Amino acid sequence: MAMKRITKRWLFNSFGVILIILLAIELIGAAGIRGYYYNSVRSAINSRASVMASSLLRYSEDSSVDYQAQVRNLVENFEDKDKMELMAVDGSGNVLLTSSGFKPTGQVEMPDHALAFEKQKTAAAGSYSFGEYVGKLDSEKVMAITMVSPVQDSEIAALRFVVSLTRVDRQVRTLILAVTLVLVAILCFVGFSSSYFINSIVIPVGEIGVTAKKIAQGDFDARLEKKNDDEIGDLCEAINYMASELAAGEQMKNDFISSVSHELRTPLTAIKGWGETLVGATDHETIEKGMGVILKETDRLSSMVEELLDFSRMQNGRLTLMMDRIDIIAELGEAYLMFTQRAMREGMTIRYDEPEESIPVIGDRNRLRQVFVNIIDNAIKYSDAGATIAIAVTHDDKTVRIAVTDTGCGIKAEDLPMVKKKFYKGNSTRRGSGIGLAVADEIVSMHSGRLDVDSQEGKGTTVVISLPIAHKKVEE
Numbered sequence: 122m123a124m125k126r127i128t129k130r131w132l133f134n135s136f137g138v139i140l141i142i143l144l145a146i147e148l149i150g151a152a153g154i155r156g157y158y159y160n161s162v163r164s165a166i167n168s169r170a171s172v173m174a175s176s177l178l179r180y181s182e183d184s185s186v187d188y189q190a191q192v193r194n195l196v197e198n199f200e201d202k203d204k205m206e207l208m209a210v211d212g213s214g215n216v217l218l219t220s221s222g223f224k225p226t227g228q229v230e231m232p233d234h235a236l237a238f239e240k241q242k243t244a245a246a247g248s249y250s251f252g253e254y255v256g257k258l259d260s261e262k263v264m265a266i267t268m269v270s271p272v273q274d275s276e277i278a279a280l281r282f283v284v285s286l287t288r289v290d291r292q293v294r295t296l297i298l299a300v301t302l303v304l305v306a307i308l309c310f311v312g313f314s315s316s317y318f319i320n321s322i323v324i325p326v327g328e329i330g331v332t333a334k335k336i337a338q339g340d341f342d343a344r345l346e347k348k349n350d351d352e353i354g355d356l357c358e359a360i361n362y363m364a365s366e367l368a369a370g371e372q373m374k375n376d377f378i379s380s381v382s383h384e385l386r387t388p389l390t391a392i393k394g395w396g397e398t399l400v401g402a403t404d405h406e407t408i409e410k411g412m413g414v415i416l417k418e419t420d421r422l423s424s425m426v427e428e429l430l431d432f433s434r435m436q437n438g439r440l441t442l443m444m445d446r447i448d449i450i451a452e453l454g455e456a457y458l459m460f461t462q463r464a465m466r467e468g469m470t471i472r473y474d475e476p477e478e479s480i481p482v483i484g485d486r487n488r489l490r491q492v493f494v495n496i497i498d499n500a501i502k503y504s505d506a507g508a509t510i511a512i513a514v515t516h517d518d519k520t521v522r523i524a525v526t527d528t529g530c531g532i533k534a535e536d537l538p539m540v541k542k543k544f545y546k547g548n549s550t551r552r553g554s555g556i557g558l559a560v561a562d563e564i565v566s567m568h569s570g571r572l573d574v575d576s577q578e579g580k581g582t583t584v585v586i587s588l589p590i591a592h593k594k595v596e597e
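The opening position of the sequence shown corresponds to residue 122 in the working numbering, with each subsequent residue numbered one higher.
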């Protein structure tokens, strides 16, 4: 379908314009060739007429010469009788004498004769008047030019030159045919070369369309061959890259679904198990322990559901912020306190030297606290017992930077560029949905800040959150 549309557009636009131009060249060339040859014939007649006019003028001025006899002699002994016919004509258009010796019987149609005598009425005395006719006489195309004699009282009132255009038209047709063949050859060359060029575009575009449909239907292994190093080749590479990214995204999404399913099933299993245990239980210690596990797992489920809701809002562009002037140090301190007991239980140390002065930023306190919680939670989650997690705050006049550094398992170098992408989990053995860091990065970006991750596998990870400092108090 694409081939038909592009080819049709090319035929009507480019090829159509070329065809019109060549037709115009053909018509102009034909008119030019015909005009050139006819002008050559006209010039030859006018040249002979000028010579004759000089002779007639000389005879008319010499009283000792029989003007009538001299004119007859000129006609009978005309030198160019093989090229043209010379006729002596009276004032009524009757042919008196011809250079060929054959005098036509009856009246001969002479439009040029009538035109010449019409012009003679307004011509100056002693001047020559000419009349021209190009057309058919007795089924033969001719060019006839009549020259009125300066001596009007003579029987021979005009001389008429007649040239057959049969040979001239034959030469004109031959040249026009040659020009036509050349133009047809040019048109064929343009057509074949353009067709080759169009096919070099249309065929790859068709292949791209077929491959794109396969990718759209879920075949992410479909690939295009880059045949040429041009724009089409670049497009093929882009389609292949898109397919690779979609395949990677699809795999991460599947891993995410599997991970979330597992993460949801684990606390639900624990809640169900302890719920069944507590039914009819009378031991106070067992009841207290079971209720503690149920509350803990419920909090875990609630946190996961909230994380999923935030991700859904982010995907739909409905993640909103309640902006206010806040103390970022206070929010960070609260997030730190939330994890001190957990870190101690898991045999880890969190080191945080809280700055004495407050640092104001314009932001959503709950969302920023959510970011800090996510980063510190990840640091604990991906570290083992005995690890140290350090929280440091630095700032200048414009920006505050919060760095969370752990000594955990770290991230592989090839995985580092992908850690902020949705669904990505660097370590499938650890708990988590793989969307927390993506949400955190989006929240920081909405605060005009940056979230940067630096890591070395086996040594640990550093996450730096950079936010602009607020210097003017927000008016209520």
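We treat Cβ as the ideally placed atom computed from N, Cα and C, and that holds for glycine.
It should be emphasised that the depicted structure is a prediction, and the values quoted were computed from it without experimental measurement.
- Between the beta-carbon of ALA237 and that of PHE251 there is about 6 Å, and that keeps the pair under the 8 Å contact cut.
- Only residues of its own chain outside the window of five on either side were considered, and among them VAL186, TYR188, GLN191 have a CB closer than 6 Å to the CB of TYR180, listed in chain order.
- Excluding its 5 nearest sequence neighbours in each direction, TYR158 has C-beta neighbours in its own chain below 8 Å: VAL289, GLN292, VAL293, listed in chain order.
- Here DSSP, grouped into helix, strand and coil, assigns SER587 to strand.
- A straight-line Cα-Cα distance of about 7 Å links LEU177 and SER270.
- A Cβ-Cβ distance of about 19 Å is found for the pair GLY484 and MET459, leaving them out of contact under the 8 Å criterion.
- For ALA508, no alpha helix (DSSP H) segment is defined, and its DSSP state is neither H nor E.
- Between MET268 and ALA170, the C-beta gap is smaller than 8 Å, which places the two residues in contact.
- Comparing alpha carbon positions, the residue from ASN499, LEU440, ALA511 closest to GLY454 is ALA511.
- Around GLU230, the same chain offers LEU258 as residues with beta carbons nearer than 8 Å, after the five sequence neighbours per side are excluded.
- Residue ASP203 holds the alpha-carbon nearest to the alpha-carbon of SER221 among SER213, ARG130, LEU442, ASP203.
- Within the segment 244 to 302, complete beta strand (DSSP E) segments of at least 3 residues are found at 251 to 258, 261 to 269, 279 to 285, given in chain order.
- A straight-line Cα-Cα distance of about 45 Å links ASP518 and ASP355.
- Burial check for PHE493: the Cβ neighbour count within 10 Å reaches 16 or more, so the residue is buried.
- The criterion of a C-beta distance shorter than 8 Å is not satisfied by VAL311 and GLU147.
- Secondary-structure assignment with DSSP links MET208 through a beta bridge to THR219, ARG281.
- DSSP places ASP355 within a helical segment (H, G or I) once states are collapsed to three.
- Between GLU428 and VAL560, the gap from beta carbon to beta carbon is short of 8 Å.
- Cβ-Cβ distances below 8 Å link THR398 to THR407, GLY411 in the same chain, with the five nearest sequence neighbours on each side left out; the list follows chain order.
- The Cβ atoms of PRO232 and TYR254 sit closer than 8 Å to each other.
- For SER181, the uninterrupted alpha helix (DSSP H) run begins and ends at 137 to 182, by DSSP.
- Rounded to whole angstroms, GLU366 and ILE360 show a C-alpha spacing of 10 Å.
- The beta carbon of ILE450 lies closer than 6 Å to those of PRO476, SER479, ILE480 in the same chain, with the five residues before and after it left out.
- PHE318 has its alpha-carbon roughly 14 Å from the corresponding atom of ARG130.
- If only complete runs of 3 or more residues are kept, the segment 435 to 476 shows the beta strand (DSSP E) at 445 to 448, 470 to 473, in order along the chain.
- For ASP536, the secondary structure class from DSSP, reduced to helix, strand or coil, is coil.
- For ASP233, no beta strand (DSSP E) run applies; the uninterrupted alpha helix (DSSP H) run containing it begins and ends at 232 to 241, by DSSP.
- Each residue's CA atom was taken as its position, placing MET208 and PHE133 some 56 Å apart.
- Taking the C-beta atoms as reference points, ALA506 is found no nearer than 8 Å to ASP527.
- DSSP places ILE480 outside both helix and strand once states are collapsed to three, so it counts as coil.
- From the listed residues GLU409, ILE497, THR403, VAL414, the smallest Cα separation to LYS393 is found for VAL414.
- The Cβ atoms of ILE166 and VAL284 lie closer than 8 Å to each other.
- Here VAL540 has ILE532, GLY547, LEU558, VAL574 as same chain residues with Cβ atoms under 7 Å from its own Cβ, once five neighbours each way along the sequence are excluded.
- DSSP, reduced to helix, strand and coil, places THR528 outside both helices and strands of the structure shown, so it counts as coil.
- One alpha carbon belongs to ASN349, the other to ASP474, and they sit about 60 Å apart.
- Counted as a single uninterrupted DSSP element, the beta strand (DSSP E) harbouring SER576 occupies residues 571 to 577.
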